[in-house]
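Undergrad: Take this structure, written in structure tokens, and hold onto it; I'll ask about it next.
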Amino acid sequence: MWVILGVIAIVATFINLYMYKAGKDYKLAMAMGLSFTALTLCAEYSLVSRWVKVEDWAALSDVVPGMERALWFLTIVSILLNIAPILLELKGKK
């Protein structure tokens, strides 16, 4: 599930950037990109929670360390890309 939500977040982010470039209202796409990023994180946390409940320590020790770095990186990139149009608008108004 987290993969699907992550792909939707990426697509929404690119729609956000495209709409900004095209001069259209991008704020809904920005909200969708950030929202699906949050849902991706929640889905990943739910997966880890299930592994803890069934005591699948092998899955936890194999996946969690790498996923932690990936989720931090991708979340920061998502935030920066989604707020880039707002920052560019503010810069353009000065």
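Going by UniProt numbering, the sequence shown opens with residue 1, and the numbers climb by one from there. The beta-carbon is built from N, C-alpha and C at its ideal position, and this holds for glycine as well.
Straight-line CA distance for T75 to E55?
TA: As a working mapping, residue 75 is identified with position 75 in the sequence shown. As a working mapping, residue 55 is identified with position 55 in the sequence shown. Whole-angstrom Cα-Cα distance: 27 Å.
Undergrad: Mind checking F36: buried by the 16 CB within 10 Å criterion, or exposed?
TA: Along the sequence shown, read from residue 1 onward, the residue named residue 36 stands at position 36. It counts as buried.
Undergrad: Which same chain residues, not among the five before or five after G6, have their C-beta less than 7 Å away from its C-beta?
TA: The count along the sequence shown starts at 1 and reaches residue 6 at position 6. The answer, listed in chain order, is T40.
Undergrad: With DSSP run on the structure shown, which of helix, strand or coil describes M30?
TA: Numbered from 1 along the sequence shown, position 30 holds the residue referred to as residue 30. M30 falls in the helix class under three-state DSSP.
Undergrad: Among residues of its own chain, excluding the 5 on either side of P85, which ones have a beta-carbon nearer than 6 Å to its beta-carbon?
TA: To locate residue 85, count along the sequence shown from 1; it is residue 85. Answer for P85: Y20, Y26, listed in chain order.
Undergrad: So, for T13: in the same chain, excluding its five sequence neighbours on each side, which residues have a beta-carbon less than 7 Å away from its beta-carbon?
TA: Stepping through the sequence shown from its first residue, residue 13 is reached at position 13. G33, S78, L81, N82.
Undergrad: Alpha carbon to alpha carbon, how far is R50 from G92?
TA: The residue labelled residue 50 in the question sits at position 50 within the sequence shown. The residue labelled residue 92 in the question sits at position 92 within the sequence shown. Rounded to the nearest angstrom, the two C-alpha atoms are 47 Å apart.
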